[in-house]
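Numbering (the working numbering), first residue to last: 53 to 151. Please read the structure below before turning to the comments.
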């Protein structure tokens, strides 16, 4: 997937985040202070770039707004709750099946 903005630059998945100028990176106010966060930025064409806050010059992944909306809906709907629990606390009775 790639994103093209008004000036003709194209952003592919894996583009170094530092090569995406003029965007404002945001992270959740609930994120931890250790720099282990996911940051998002709206691109000029409306797509959304995602990067690891620990490596701000590292690669960015580019998603459509529809893809981001589907992911956020899944998070809000609990589809990934099993990924936030410690692995040893999950068992066959409590782990949610994949959807």
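Positions of the beta carbon are idealized from the N, C-alpha and C atoms, including for glycine.
Cutting at 7 Å between CB atoms, please list the residues of its own chain near residue 109, excluding the five before and the five after it.
The sequence position of residue 109 within the chain shown is 57, counting from 1. For residue 109, where only same-chain residues beyond five positions count, the Cβ hits under 7 Å are 68, 69 and 70.
Would you call the region 70 to 80 and the region 98 to 109 in contact, with 3 or more CB pairs under 8 Å?
Touching, yes.
What runs of the alpha helix (DSSP H), each 4 residues or longer, lie entirely inside the region 107 to 142?
Runs found: 117 to 128 and 133 to 136.
From the DSSP secondary-structure annotation, give me the bridge partner or partners of residue 91.
Taking the first residue of the chain shown as 1, we reach residue 91 at position 39. Partner(s): 103.
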